[in-house]
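To keep things clear, I will list the structure first and then write my remarks on it.
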Amino acid sequence: MRIVHWMKSLARRGGAGWRDEKGAALVEFGLIAPVIAVIVLGVINGATLMLAYNAMRTGVTAGAQYVMSGGQDLPTVQTVAMSAWSGHSSSASVTATKMCLCGSSSSDCSVLCPDQSVPQAFITVSASETYSGPSGTQPIATQEQVRIR
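Mapping to the UniProt record's numbering: the sequence shown position 19 is 19, numbers consecutive.
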């Protein structure tokens, strides 16, 4: 009952008690500030993740370029890729594997195919790392495959 009288008296005064807007901007900022902070942190996290991925990709591409220029020594491919990968963590790893195919089936690289042709050879350079950023840790990985013959 008292609330009804209070609302009626407020209506008679034209809502004068609600017209005071001092501090409204502060309240609005208090409501939007957490949203802005979450967006900024998300952008920072995404940007640092992309920088880490691009650095990893640069290393893998360098390893693939080494293979395309005639290098076939797998440990050297790994060394070239790790050297080109700037800012990698201690959890970073690069692997280089060689695979040969006769048609669509796997084959030994040192043996001719049943039709007496040389098997197709591929070297795959793969990299992986555990990324640690503002939102926690997550694995990132990339690979590139080069046909060498």
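Every residue gets a Cβ at the ideal spot worked out from N, C-alpha and C, and that includes glycine.
{"Check": "Using the DSSP secondary-structure output, state which residues sit across from residue 98 in a beta bridge.", "Outcome": "123"}
{"Check": "Can you give me the Cβ contacts of residue 150 inside the same chain, cut-off strictly under 6 angstroms, excluding the 5 residues immediately before and after it?", "Outcome": "Because the chain here runs from 1 to 149, residue 150 falls outside it and cannot be looked at."}
{"Check": "Measure the CB-CB distance between residue 76 and residue 99 and report whether it falls below 8 angstroms.", "Outcome": "no"}
{"Check": "Please classify residue 27 as buried or exposed, where buried requires at least 16 other C-beta atoms within 10 Å of its C-beta.", "Outcome": "exposed"}
{"Check": "Taking a contact to mean a Cβ-Cβ separation below 8 angstroms, would you say residue 142 touches residue 91 in this structure?", "Outcome": "no"}
{"Check": "Could you spell out where the alpha helix (DSSP H) holding residue 146 opens and where it closes?", "Outcome": "No alpha helix (DSSP H) holds residue 146; the beta strand (DSSP E) holding it covers 136-147."}
{"Check": "If I measure Cβ to Cβ from residue 112 and keep anything under 8 angstroms in the same chain, skipping five residues before and after, which residues do I get?", "Outcome": "118 and 119"}
{"Check": "Based on DSSP bridge pairs, tell me the residues matched to residue 128.", "Outcome": "93 and 141"}
{"Check": "When the distance is taken between beta carbons, is residue 74 closer than 8 angstroms to residue 134?", "Outcome": "no"}
{"Check": "In terms of DSSP beta bridges, what is residue 107 paired with?", "Outcome": "100"}
{"Check": "What is the DSSP secondary structure of residue 23, reduced to helix, strand or coil?", "Outcome": "coil"}
{"Check": "Distance check for residue 83 and residue 60, CA to CA, integer angstroms please.", "Outcome": "10 angstroms"}
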